[in-house]
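Note sheet for the following structure.
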Amino acid sequence: MKQRQERLTIAASREKFTDITDRVRKFVASAGITTGLLTLFIQHTSASLLIQENADPDVLKDLADAFARLAPRNANYRHTTEGPDDMPSHIRAALTQTSLSIPVADGNPQLGTWQAIYLFEHRDAPHQRQVLMHIIGE
Amino acid sequence: MKQRQERLTIAASREKFTDITDRVRKFVASAGITTGLLTLFIQHTSASLLIQENADPDVLKDLADAFARLAPRNANYRHTTEGPDDMPSHIRAALTQTSLSIPVADGNPQLGTWQAIYLFEHRDAPHQRQVLMHIIGE
Amino acid sequence: MKQRQERLTIAASREKFTDITDRVRKFVASAGITTGLLTLFIQHTSASLLIQENADPDVLKDLADAFARLAPRNANYRHTTEGPDDMPSHIRAALTQTSLSIPVADGNPQLGTWQAIYLFEHRDAPHQRQVLMHIIGE
Numbered sequence: 000m001k002q003r004q005e006r007l008t009i010a011a012s013r014e015k016f017t018d019i020t021d022r023v024r025k026f027v028a029s030a031g032i033t034t035g036l037l038t039l040f041i042q043h044t045s046a047s048l049l050i051q052e053n054a055d056p057d058v059l060k061d062l063a064d065a066f067a068r069l070a071p072r073n074a075n076y077r078h079t080t081e082g083p084d085d086m087p088s089h090i091r092a093a094l095t096q097t098s099l100s101i102p103v104a105d106g107n108p109q110l111g112t113w114q115a116i117y118l119f120e121h122r123d124a125p126h127q128r129q130v131l132m133h134i135i136g137e
Numbered sequence: 000m001k002q003r004q005e006r007l008t009i010a011a012s013r014e015k016f017t018d019i020t021d022r023v024r025k026f027v028a029s030a031g032i033t034t035g036l037l038t039l040f041i042q043h044t045s046a047s048l049l050i051q052e053n054a055d056p057d058v059l060k061d062l063a064d065a066f067a068r069l070a071p072r073n074a075n076y077r078h079t080t081e082g083p084d085d086m087p088s089h090i091r092a093a094l095t096q097t098s099l100s101i102p103v104a105d106g107n108p109q110l111g112t113w114q115a116i117y118l119f120e121h122r123d124a125p126h127q128r129q130v131l132m133h134i135i136g137e
Numbered sequence: 000m001k002q003r004q005e006r007l008t009i010a011a012s013r014e015k016f017t018d019i020t021d022r023v024r025k026f027v028a029s030a031g032i033t034t035g036l037l038t039l040f041i042q043h044t045s046a047s048l049l050i051q052e053n054a055d056p057d058v059l060k061d062l063a064d065a066f067a068r069l070a071p072r073n074a075n076y077r078h079t080t081e082g083p084d085d086m087p088s089h090i091r092a093a094l095t096q097t098s099l100s101i102p103v104a105d106g107n108p109q110l111g112t113w114q115a116i117y118l119f120e121h122r123d124a125p126h127q128r129q130v131l132m133h134i135i136g137e
């Protein structure tokens, strides 16, 4: 049994969703672990992780709209010092994932056919984001 | 330290919630691991995993209502090609869990007294769903 | 490779959010594991786990308001036998986390600068809550 850990730095972008599946697959392939458990962890509270459909890009646009509705920009927030987009970002992060766990088999994270792993950015301005990847297995 | 992995196929059903706790417990018992970590992962983006109350069935009905309200059927979605129930399904999946991690002790997943593990189906039509189970420990 | 497991009992409080980061760090430090994977699991369905900002306390107040809006107290719930605050509590728990996974390096859970781990209590009355901590690594 062995383990490996690596940091993924995701470059600033104005896109709400950044598909990180290929970079995650590359890490798993490089770890030399055939069977095991992969964990992803994002070190932020205004961006999050999401596994969602990789086929129709309209799904991502509708998801962004849905979270804009669930955590609206204007709701008389107390916390406004970091800008009007910060508090809705924290709420959207709370509603999605800070960590994800994915079984690994045949040297691959066992995603379903239609699943991709996304960094879900909640702030308006482009941010550089840190995701930790950990794998344990043999 | 050892690990084991198994696929759970959950038969099509019209029920929103399918209790999979017993099947998960059976897998843990068969793995011959007393102390460790259990991970569940669902390979879909319009169904999800949820740990919720196992006592009053009304809780599940109220939960289904709540998610129908949070991700309504009609919200001018762009993504409509797979039917009017598909986009709300993706939103409900995004709001709940794709993966769950549960510590194992005495050969049992350490659920609380009132906790059951559910597959939460978001589509209207019955689907066959795949859940991967991974356990590591000794 | 070794593992360790411990129960964290969180004393009753009227606070919605209890910062458990220090107690989690102490467990990791005591486990004698430098590199590995930490898992937290809450054994309840009306309280949950949340990683959120540790800086401005207004963020927590706004988060509490947001979840009160997302899962309102009065929504013609069927499940009312345990009081009017119970069903919204289950919904808030479903929208947040029952388990969290955090990579460990240098003997520390690798939280970001602004991240703290909170127990998020959803009931009105003070409850004593159980969180299981599991670490595996070397």
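Top to bottom, those sequences are chains E, D and R. Residue numbers for the first sequence, in numbering that gives the first Met the number 0: 0 to 137. Residue numbers for the second sequence, in numbering that gives the first Met the number 0: 0 to 137. Residue numbers for the third sequence, in numbering that gives the first Met the number 0: 0 to 137. Built from N, CA and C at the ideal position, the CB exists for glycine as well.
Extent of the continuous alpha helix (DSSP H) to which residue i belongs
i, result
"Met-86/D", "85-94"
"Pro-56/D", "56-69"
"Ala-28/E", "20-29"
Range covered by the beta strand (DSSP E) that runs through residue i
i, result
"Leu-39/E", "35-41"
"Ala-46/R", "46-52"
"Ser-12/D", "Where Ser-12/D is concerned, there is no enclosing beta strand (DSSP E), given that its DSSP letter is neither H nor E."
"Pro-102/R", "98-104"
Sheet register partners of residue i (DSSP bridge)
i, result
"Lys-1/E", "Gly-136/E"
"Arg-116/D", "At residue 116/D the sequence reads Ile, which differs from the Arg that was named. According to DSSP, which records beta bridges pairwise, Ile-116/D is partnered with Ile-50/D."
"Pro-108/E", "Val-103/E"
"Gln-129/R", "Thr-8/R"
Chain E within 8 Å of residue i, Cβ atoms only
i, result
"Val-58/R", "yes"
"Ser-45/R", "no"
"Met-86/R", "no"
"Leu-7/R", "no"
"Leu-99/R", "yes"
"Gln-51/R", "yes"
"Leu-131/D", "yes"
"Ile-135/D", "yes"
Within-8 Å CB hit, residue i to chain D
i, result
"Pro-83/E", "no"
"Thr-112/R", "no"
"Ile-41/E", "no"
"His-78/R", "yes"
"Pro-102/E", "yes"
"Asp-105/E", "no"
Residue i at chain R interface by Cβ criterion, 8 Å
i, result
"Ser-12/D", "no"
"Pro-125/D", "no"
"Thr-34/D", "yes"
"Gln-4/E", "yes"
"Ala-70/E", "yes"
"Ile-19/E", "no"
"Ile-90/E", "yes"
Inter-residue Cα distance where the pair is residue i and residue j
i, j, result
"Glu-81/E", "Ile-41/E", "20 Å"
"Leu-37/E", "Glu-5/R", "23 Å"
"Ile-9/R", "Thr-34/D", "23 Å"
"Ala-30/R", "Ala-104/R", "13 Å"
"Asp-85/R", "Met-132/D", "31 Å"
"Tyr-137/E", "Arg-3/D", "A quick correction: the sequence has Glu, not Tyr, at residue 137/E. Cα to Cα, the separation comes out at about 11 Å."
"Ile-134/D", "Leu-99/D", "12 Å"
"Leu-110/D", "His-121/R", "19 Å"
"Asn-53/E", "Arg-13/R", "43 Å"
"His-89/D", "Ala-92/E", "17 Å"
"Ala-28/D", "Ile-116/E", "31 Å"
"Pro-102/E", "Thr-79/E", "40 Å"
"Lys-1/D", "Lys-1/E", "11 Å"
"Arg-141/R", "Leu-94/D", "Since the first residue of chain R shown is 0 and the last is 137, residue 141/R is not available in this structure."
"Ile-32/R", "Ala-70/D", "42 Å"
"Asp-123/R", "Thr-112/E", "43 Å"
"Thr-20/E", "Asp-57/R", "35 Å"
"Phe-119/D", "Gln-51/D", "11 Å"
"Arg-24/E", "Leu-49/R", "27 Å"
"Ala-67/E", "Lys-15/E", "11 Å"
"Phe-26/D", "Pro-83/D", "36 Å"
"Leu-39/R", "His-43/E", "18 Å"
"Pro-125/R", "Gln-114/D", "20 Å"
"Ser-45/E", "Ala-11/D", "37 Å"
Chain B contact for residue i (CB, 8 Å cutoff)
i, result
"Thr-95/R", "Absent from the structure: chain B. Protein chains present are E, D and R."
Would the stretch 57-64 of chain D count as touching the stretch 72-88 of chain D if we require 3 or more Cβ pairs under 8 Å?
Flag = no, the stretch 57-64 of chain D and the stretch 72-88 of chain D do not touch.
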